[in-house]
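Here is the structure we will look at.
There are 2 protein chains.
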Amino acid sequence: MNQINVLIADDHTLIRAGIRELLQNMSGIEVIGEASNGREALERIKEFSPDIVLLDIAMSELNGLEVAERVNKDFPSVSVIILSMYANEEYVLQALKVGAHGYLLKDSAPNELEIAIKAVIRGETYLSPSISKTLVSDYLKRITESPIEEKNTSNVFIKLTSRQREILQLIAEGNSTKEMAVKLNVSAKTIETHRSKIMERLGIHDIPGLVRYAIRSGIISSQ
Amino acid sequence: MNQINVLIADDHTLIRAGIRELLQNMSGIEVIGEASNGREALERIKEFSPDIVLLDIAMSELNGLEVAERVNKDFPSVSVIILSMYANEEYVLQALKVGAHGYLLKDSAPNELEIAIKAVIRGETYLSPSISKTLVSDYLKRITESPIEEKNTSNVFIKLTSRQREILQLIAEGNSTKEMAVKLNVSAKTIETHRSKIMERLGIHDIPGLVRYAIRSGIISSQ
DNA sequence: TGGCACAATCAGGAAATTGCTGATTATCTA
DNA sequence: TAGATAATCAGCAATTTCCTGATTGTGCCA
Chain A
1 MNQINVLIAD DHTLIRAGIR ELLQNMSGIE VIGEASNGRE ALERIKEFSP
51 DIVLLDIAMS ELNGLEVAER VNKDFPSVSV IILSMYANEE YVLQALKVGA
101 HGYLLKDSAP NELEIAIKAV IRGETYLSPS ISKTLVSDYL KRITESPIEE
151 KNTSNVFIKL TSRQREILQL IAEGNSTKEM AVKLNVSAKT IETHRSKIME
201 RLGIHDIPGL VRYAIRSGII SSQ
Chain B
1001 MNQINVLIAD DHTLIRAGIR ELLQNMSGIE VIGEASNGRE ALERIKEFSP
1051 DIVLLDIAMS ELNGLEVAER VNKDFPSVSV IILSMYANEE YVLQALKVGA
1101 HGYLLKDSAP NELEIAIKAV IRGETYLSPS ISKTLVSDYL KRITESPIEE
1151 KNTSNVFIKL TSRQREILQL IAEGNSTKEM AVKLNVSAKT IETHRSKIME
1201 RLGIHDIPGL VRYAIRSGII SSQ
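If you read the protein sequences in the order shown, they are chains A and B.
Note that the first sequence covers residues 1 to 223 in the working numbering.
Note that the second sequence covers residues 1001 to 1223 in the working numbering.
In structure tokens:
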């Protein structure tokens, strides 16, 4: 039989062991190795030449996206599936940009893992259903339409205008609509409009969500 | 046979499935249920009366430490093992303070899980080896020698009541007043009162400030 | 054991904010 | 130069917050 050889890379031993168990119950799939951080993952890939690598994003040494990029460049025959806790659009786009073939949420059903692996082996791109299907085409359209913009890489800088980032920061810092209006010398209505545009773009529709977004994208710190 | 009945509470389906597989390969242990967030965990505990609950810390609705505290109070026959990504001393101490019987890193070897469960069933306290053994004695010494000093901890657990922390978490997770009222089955007016008390106690008078506070005090993550 | 502090619950009503629809002006670009 | 997008603002209904005050239960302690 032609087994699909899989390598698991995740910081957490227990998680790796759990995933390994799940995979070993699936027919046609064999776990040929594990790695406990990003750098080790690259070594194991070189050593084992797996068909598929399951990469956690949050790894020490080298994060999963970084690893994915190098795998795509140096080992093009190896397919990458990102295993992530976050449905965060930024991460998904970033993953696709660096050549990942799959993006699976840790929140997925176990059999999704099997489906994902087999889809990727067939040459398809697999995303967890909860991640909008339009992402890929949107993304591809975006980079083919304006390839130069690519270096703006990840986060907020491609999604929001300068004014919007300015206002997002003020919101996350705790300013009220009225306070922002005074600071920026515009009407409160204008601030409201900006806020709703920001929310629309980010797909986040509550203030706490904006604050968390601002923190994780580095616009402000939580301190 | 006297099986040890275990309940698994973790936000991520895949992780739960993996842990379940691991446990099912261990003799004398049976997984009798799962929960995908803190509140659901309490419901399942009430329903199933497990011997052991494995609680992830980072759960939505109610975080693992909060759940542990309530389990310890309302279901003293149920033992709690915290499953965490972090060896963070604060977390460990907090877990012990709220009555957890075990603190296991997700980075542990699979068989540690078995060891931990069986130790806890025997009435022992189990901590992952990588967590300094001195923690417990240090902690105990500290609280017996100068119990007043407790306020030096300065974290949420002393400043807010359990209910208030619960609501702070929900706020920071983006729930509206109305949504929280429905989830907690109280009136919106009650939520409003809680929120204003929380703000009063913390001296923070805006939602973004609460969110940042919740993040830096570990009640939620920014992800 | 009576009372005190405090937690948790809820209400009324004024005041403030938001959401929604729609509009104007300036700028940049295909 | 037309079309898309950004930044600005308004009206108004609906929702939410803020402030004051009240009730109930519980633990504590003098």
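Glycine residues also receive a C-beta, built at the ideal position from the N, C-alpha and C atoms.
* Between which two residues does the beta strand (DSSP E) harbouring B:L1160 extend? -> Note, B:L1160: premise wrong, no beta strand (DSSP E); not H, not E.
* **Segment limits, beta strand (DSSP E) that includes A:I207** => It is not in any beta strand (DSSP E) - A:I207 instead sits in the alpha helix (DSSP H) that spans 207 to 216.
* To do: Classify A:E34 as helix, strand or coil using the three-state DSSP reduction.
  => Correct three-state label for A:E34: strand.
* Residues in the segment 1208 to 1223 of chain B with C-beta within 7 Å of chain A's C-beta atoms, listed in sequence order? -> Of all residues in the segment 1208 to 1223 of chain B, those with a C-beta nearer than 7 Å to a C-beta of chain A are P1208, G1209, V1211, R1212, I1215, R1216, S1222, Q1223, reading in chain order.
* Where do the ends of the beta strand (DSSP E) carrying B:I1008 lie? -> Counting along the chain, B:I1008 sits inside the beta strand (DSSP E) bounded by residues 1004 to 1009.
* For A:Y86, which residues in chain B fall below 9 Å Cβ to Cβ? -> Within chain B, the C-beta atoms nearer than 9 Å to that of A:Y86 come from Q1223, in chain order.
* Spatially closest choice to A:H194 from A:A109, A:I167, A:Y86, by CA coordinates -> Residue A:I167 is the option with its Cα nearest to A:H194.
* To do: Please check if any C-beta of chain B sits within less than 9 Å of the C-beta of A:H226.
  => The structure shown does not extend to residue 226 of chain A, since chain A spans only 1 to 223, so no value can be given for it.
* **Interface residues of the segment 1052 to 1082 of chain B facing chain A [CB-CB below 8 Å]** => Flagged: no residues at all.
* Does B:A1017 get closer than 9 Å to chain A when you measure Cβ to Cβ? -> Closer than 9 Å to some Cβ of chain A, the Cβ of B:A1017 qualifies, so yes.
* Asked: CA-CA distance, B:L1210 and A:A58?
  -> Straight-line Cα distance between these residues: approximately 26 Å.
* Asked: Between which two residues does the beta strand (DSSP E) harbouring A:I52 extend?
  -> Here the beta strand (DSSP E) through A:I52 covers 52 to 56.
* To do: Have a look at the DSSP bridge pairing and note the partners of A:I191.
  => According to DSSP, A:I191 bridges with nothing at all.
* Examine chain B for any beta-carbon lying closer than 9 Å to the beta-carbon of A:P50, and answer yes or no. => For A:P50, the answer is no, since every Cβ of chain B falls outside 9 Å of its Cβ.
* Which word fits A:K189, buried or exposed, when buried means at least 16 other C-beta atoms lie within 10 angstroms of its C-beta? -> When all chains shown are included, A:K189 counts as exposed.
* Would you identify the three-state DSSP class for B:V1078, choosing helix, strand or coil? => Residue state, collapsed to three classes: coil.
* Take A:K133 and list the residues in its own chain whose beta-carbon comes closer than 6 Å to its own, dropping the five residues that flank it on each side. => With a pLDDT of only 44 at A:K133, under 50, the local geometry of the prediction cannot be trusted, and no value is derived from it.
* To do: For the beta strand (DSSP E) containing B:G1099, list its first residue and its last residue.
  => First-last for B:G1099: undefined, no H or E at that position.
* Partners in chain A for B:K1106, counting only beta-carbon separations shorter than 7 Å -> Those are H12, L14, I15, listed as they occur along chain A.
* **Straight-line gap, B:I1220 to B:M1085 (C-alpha atoms, nearest Å)** => Rounded to whole angstroms, B:I1220 to B:M1085 spans 14 Å at the Cα level.
* Asked: When the Cα of B:I1052 is compared with those of B:R1216, B:N1185, B:A1116, which residue comes out closest?
  -> When each option's Cα is compared against that of B:I1052, the closest is B:A1116.
* Report yes if the C-beta distance between B:G1028 and B:K1118 is below 9 Å; otherwise report no. => In terms of Cβ geometry, B:G1028 and B:K1118 form a close pair [threshold 9 Å].
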